[in-house]
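*Asks:* Handing you this structure, nothing more for now.
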Amino acid sequence: MSGTQALTIIHNENNEVVVTILRFFDGYPRGHGIDLAKFLCTSGILNEMGILAVDLITHLKRKKCLGGLEITTRLSIPEHDYEYHVYPDKVIVKNAGIRKPLFTGPWEELKYFCLYYKE
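Residue 1083 is where the sequence shown starts when you use our numbering, and the numbers rise one by one after that.
So, in C-alpha coordinates, the structure goes:
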(Lines of atoms letter the chains of each structure in order from A and count residues from 1; the text may use other names and numbers.)
(Lines give C-alpha, C1' and ligand atoms only; values in the text may rest on other atoms or scores of the structure.)
Protein backbone atom coordinates (compact mmCIF):
# COMPACT_ATOMS: atom_id res chain seq x y z
CA MET A 1 0.00 0.00 0.00
CA SER A 2 1.17 3.50 -0.65
CA GLY A 3 0.26 6.57 1.33
CA THR A 4 1.61 8.30 4.39
CA GLN A 5 1.86 5.44 6.87
CA ALA A 6 2.16 5.92 10.60
CA LEU A 7 2.83 3.72 13.58
CA THR A 8 1.17 4.58 16.88
CA ILE A 9 2.96 2.79 19.69
CA ILE A 10 1.19 2.82 23.05
CA HIS A 11 3.51 2.44 26.06
CA ASN A 12 2.46 1.75 29.65
CA GLU A 13 3.82 3.41 32.81
CA ASN A 14 6.76 0.92 32.77
CA ASN A 15 7.67 1.95 29.18
CA GLU A 16 6.55 -1.46 27.90
CA VAL A 17 4.75 -1.57 24.56
CA VAL A 18 1.05 -2.28 24.98
CA VAL A 19 0.17 -2.28 21.26
CA THR A 20 1.40 -0.97 17.93
CA ILE A 21 -1.16 0.34 15.47
CA LEU A 22 -0.33 0.83 11.79
CA ARG A 23 -2.38 3.40 9.88
CA PHE A 24 -1.99 3.04 6.13
CA PHE A 25 -2.96 6.54 4.95
CA ASP A 26 -3.03 10.09 6.35
CA GLY A 27 -0.29 9.34 8.86
CA TYR A 28 1.20 12.83 8.69
CA PRO A 29 0.78 15.22 11.67
CA ARG A 30 -2.08 17.19 10.09
CA GLY A 31 -3.95 13.92 9.54
CA HIS A 32 -3.32 11.18 12.07
CA GLY A 33 -1.54 13.53 14.48
CA ILE A 34 -4.63 15.72 14.84
CA ASP A 35 -6.92 12.68 15.09
CA LEU A 36 -4.71 11.30 17.85
CA ALA A 37 -4.46 14.65 19.67
CA LYS A 38 -8.23 15.16 19.67
CA PHE A 39 -8.77 11.66 20.99
CA LEU A 40 -6.13 11.93 23.73
CA CYS A 41 -7.43 15.28 24.97
CA THR A 42 -11.00 14.01 25.24
CA SER A 43 -10.39 10.43 26.38
CA GLY A 44 -10.13 11.19 30.08
CA ILE A 45 -8.02 8.04 30.48
CA LEU A 46 -4.79 8.42 32.39
CA ASN A 47 -2.37 5.62 33.23
CA GLU A 48 -4.66 2.84 31.97
CA MET A 49 -2.89 2.51 28.66
CA GLY A 50 -4.44 -0.84 27.74
CA ILE A 51 -7.92 0.68 27.97
CA LEU A 52 -6.73 3.77 26.12
CA ALA A 53 -5.36 1.57 23.31
CA VAL A 54 -8.67 -0.26 22.87
CA ASP A 55 -10.60 3.03 22.90
CA LEU A 56 -8.21 4.59 20.38
CA ILE A 57 -8.58 1.67 17.97
CA THR A 58 -12.37 1.85 18.34
CA HIS A 59 -12.30 5.61 17.76
CA LEU A 60 -10.19 5.29 14.61
CA LYS A 61 -12.32 2.45 13.24
CA ARG A 62 -15.51 4.47 13.79
CA LYS A 63 -13.85 7.34 11.97
CA LYS A 64 -13.35 4.93 9.06
CA CYS A 65 -9.69 5.82 8.50
CA LEU A 66 -8.84 5.86 4.81
CA GLY A 67 -6.94 2.68 3.97
CA GLY A 68 -7.63 1.15 7.34
CA LEU A 69 -5.64 0.09 10.37
CA GLU A 70 -3.66 -2.94 11.41
CA ILE A 71 -2.60 -4.08 14.85
CA THR A 72 0.94 -5.37 14.66
CA THR A 73 3.60 -6.74 16.96
CA ARG A 74 6.32 -5.13 14.88
CA LEU A 75 7.90 -2.00 16.34
CA SER A 76 9.19 -0.88 12.97
CA ILE A 77 7.91 -1.19 9.45
CA PRO A 78 10.34 -0.17 6.69
CA GLU A 79 7.84 1.84 4.68
CA HIS A 80 6.24 3.86 7.50
CA ASP A 81 6.68 7.63 7.51
CA TYR A 82 5.82 8.76 11.06
CA GLU A 83 5.82 7.30 14.57
CA TYR A 84 3.63 8.47 17.42
CA HIS A 85 4.80 7.12 20.79
CA VAL A 86 2.08 7.59 23.39
CA TYR A 87 3.04 7.42 27.07
CA PRO A 88 0.87 8.16 30.12
CA ASP A 89 2.39 11.64 30.43
CA LYS A 90 3.62 12.58 26.94
CA VAL A 91 3.70 11.95 23.22
CA ILE A 92 6.81 11.70 21.06
CA VAL A 93 6.44 12.20 17.30
CA LYS A 94 9.20 11.05 14.98
CA ASN A 95 9.74 11.17 11.25
CA ALA A 96 10.99 7.73 10.27
CA GLY A 97 13.95 9.19 8.39
CA ILE A 98 15.14 11.48 11.20
CA ARG A 99 16.60 10.42 14.54
CA LYS A 100 15.70 13.54 16.51
CA PRO A 101 12.02 13.68 17.55
CA LEU A 102 9.87 16.28 15.81
CA PHE A 103 7.83 16.76 19.00
CA THR A 104 8.03 15.71 22.62
CA GLY A 105 5.44 17.02 25.02
CA PRO A 106 2.22 16.51 26.92
CA TRP A 107 -0.91 15.22 25.22
CA GLU A 108 -2.50 18.67 25.36
CA GLU A 109 0.23 20.27 23.24
CA LEU A 110 0.23 17.66 20.46
CA LYS A 111 -2.66 19.32 18.60
CA TYR A 112 -0.80 22.65 18.34
CA PHE A 113 2.32 20.97 17.01
CA CYS A 114 0.28 19.09 14.40
CA LEU A 115 -1.65 22.18 13.28
CA TYR A 116 1.50 24.19 12.65
CA TYR A 117 3.85 21.44 11.45
CA LYS A 118 5.25 22.06 7.97
CA GLU A 119 6.13 18.95 6.01
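Even glycine gets a Cβ: it sits at the ideal position worked out from N, Cα and C.
Rounded to a whole number of angstroms, what is the C-alpha to C-alpha distance between Glu1198 and Val1101?
*Replies:* In the sequence as presented, Glu is not what sits at residue 1198; that position holds Tyr. Distance between the alpha carbons of Tyr1198 and Val1101 is about 28 Å.
*Asks:* By DSSP, does His1115 sit in helix, in strand, or in coil?
*Replies:* In the sequence on display, residue 1115 carries Gly and not His. Here Gly1115 sits in helix by DSSP.
*Asks:* With DSSP as the reference, please indicate the residues paired to Ala1088 in a beta bridge.
*Replies:* Bridge partners of Ala1088: Arg1105, Tyr1164.
*Asks:* Should Tyr1194 go down as buried or exposed, given a rule of 16 or more other Cβ atoms within 10 Å for buried?
*Replies:* Tyr1194 is exposed by the Cβ-count criterion.
*Asks:* Tell me whether Lys1176 sits in a helix, a strand or coil according to DSSP, three-state version.
*Replies:* Lys1176 falls in the strand class under three-state DSSP.
*Asks:* Give me the DSSP bridge partner(s) of Gly1153.
*Replies:* As written in the sequence, residue 1153 is Ile, which differs from the Gly given in the question. Ile1153 pairs with Ile1103.
*Asks:* Indicate whether Asp1137 and Ala1088 have their beta-carbon atoms separated by less than 8 Å.
*Replies:* Not in contact: Asp1137 and Ala1088 (Cβ atoms no closer than 8 Å).
*Asks:* Just how far apart, CA to CA, sit Leu1142 and Glu1130?
*Replies:* Distance between the alpha carbons of Leu1142 and Glu1130: 18 Å.
*Asks:* What is the rounded straight-line gap between the Cα of His1093 and the Cα of Arg1112?
*Replies:* So the two alpha carbons sit approximately 22 Å from each other.
*Asks:* Taking C-beta to C-beta, are Thr1090 and Val1168 nearer than 8 Å?
*Replies:* Closer than 8 Å, so yes.
*Asks:* Buried or exposed: where does Glu1165 fall if 16 or more other Cβ atoms within 10 Å of its Cβ makes it buried?
*Replies:* So Glu1165 counts as buried.
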